[in-house]
Amino acid sequence: MDIKEILKHVDHTLLLQGSTWEEIKQICDDAMKYETASVCIAPSYVKEAAEYMNGRIPVCTVIGFPNGYMTTVAKEFETKDALANGASEIDMVINIGWLKDKKYDLIENEIKILKAACGDKILKVIIETCFLTDEEKIKMCEIVTSAGADYIKTSTGFGGAGATFADIELFAKHIGPNVKMKAAGEISSIDDAEKFLALGADRLGTSRIVKIVKNEEATGY
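Following the numbering used here from start to finish, the sequence shown increments by one per residue and tops out at 223.
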């Protein structure tokens, strides 16, 4: 697959706790240069990033991140605030405890509330696969589909493990036709990126692909 095509599927990501504006600005510069799908950054930098890029690249941010156990009201407020600041994509984290407790209606209702807040903006639902059984992953495929979210996403990158090929294969079998897939966390090579896309992922949450391309440009190989 052509590297430019791969980059079109990358949410160029920087979510480390100590990230500075200079580092965020570099992520934005890279995204604009390499034409990635979006930048995925912390909510506190959304307004600055949106103003800096002035519509050239969509700004994605995270809600209820990384643990997902905030109240639905808090997540809804976060979402509306992020959108008001210029975000056009929202990656929310589910309440994993609710899933373990089989409180499926609460999870679905929360997703519906955040999707209503998003309107025509994109909502991705992070289910943190490293903490879930296959049965729970399948259930979340059903809930995400029923709730009307745009994407199901594997991981925060902060849970101890990231996306796996097996999880994307599992998602592909159980999501509805209107739900896309985002693989995130530990996507460390062009080969990995190609395989995730070949398995049906539409987005890749990673900073490493752009770094690899930049390194190849700098070194000539």
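Glycine residues also receive a C-beta, built at the ideal position from the N, C-alpha and C atoms. This structure is a prediction, so every number in the text was calculated from the model and none was measured.
Sequence-distant residues of the same chain with beta carbon closer than 6 Å to V64, five excluded per side:
Here the set comprises D93.
Using 8 Å as the threshold, is the segment 155-162 in touch with the segment 184-197, meaning 3 or more CB pairs across them?
The segment 155-162 vs the segment 184-197: in contact.
Among the residues of its own chain, which have a CB less than 6 Å from the CB of V212, if the five just before and after it don't count?
For V212, where only same-chain residues beyond five positions count, the Cβ hits under 6 Å are H14, D32, Y36.
For E53, does the count of other Cβ atoms within 10 angstroms reach 16, so buried, or fall short, so exposed?
Flag for E53 reads exposed.
Determine which residues share a DSSP beta bridge with D13 and list them.
The beta-bridge partner set that DSSP reports for D13 consists of S40, G207.
Candidates R58, G66, M34, of which the one nearest P45 by Cα:
Ranking R58, G66, M34 by Cα distance to P45 puts G66 first.
Can we say the segment 103-110 touches the segment 162-176, given the rule of at least three CB pairs closer than 8 Å?
Too few Cβ pairs lie closer than 8 Å, so no.
Look at the Cβ atom of V75, then the Cβ atom of I59, and state whether they are nearer than 7 Å.
In this structure, V75 sits away from I59, with a CB-CB distance that is not shorter than 7 Å.
Local conformation of I8 per DSSP, three classes:
Note: I8 maps to helix in three-state DSSP.
For I98, the three-state DSSP class (helix, strand or coil)
Look at I98 here: in three-state DSSP terms it is helix.
Tell me where the alpha helix (DSSP H) around T156 begins and ends.
For T156, there is no enclosing alpha helix (DSSP H), as DSSP marks it with neither H nor E.
Inter-residue spacing [alpha-carbon to alpha-carbon] between K114 and R210:
Using only the alpha carbons, I get a separation of about 32 Å.
Counted within 10 angstroms of its Cβ, other Cβ atoms place E80 as buried (16 or more) or exposed
So E80 counts as buried.
On a CA-only basis, which of A51, S21, W100, I192 is nearest E138? Give me that one, please.
Among A51, S21, W100, I192, the Cα nearest to that of E138 belongs to W100.
Out of E130, A86, M55, S191, which has the shortest C-alpha to C-alpha gap to F173?
Of the candidates E130, A86, M55, S191, the one whose C-alpha sits nearest the C-alpha of F173 is E130.
Complete alpha helix (DSSP H) runs within the segment 157-195 (minimum length 4 residues, chain order)
Taking only runs of at least 4 residues, the alpha helix (DSSP H) segments lying wholly in the segment 157-195 are 167-176.
Expected contact under 8 Å - CB spacing of V215 and I5 to nearest Å:
With a contact defined as Cβ atoms closer than 8 Å, V215 and I5 qualify at about 6 Å.
Closest residue to Q19 among P68, Q28, K104, M3 (Cα-Cα distance):
Comparing Cα-Cα distances from Q19 to each of P68, Q28, K104, M3, the minimum goes to P68.
Can you list, in chain order, the residues of its chain with a C-beta nearer than 6 Å to that of I124? Leave out the 5 residues immediately preceding and following it.
E91, D152, listed in sequence order.
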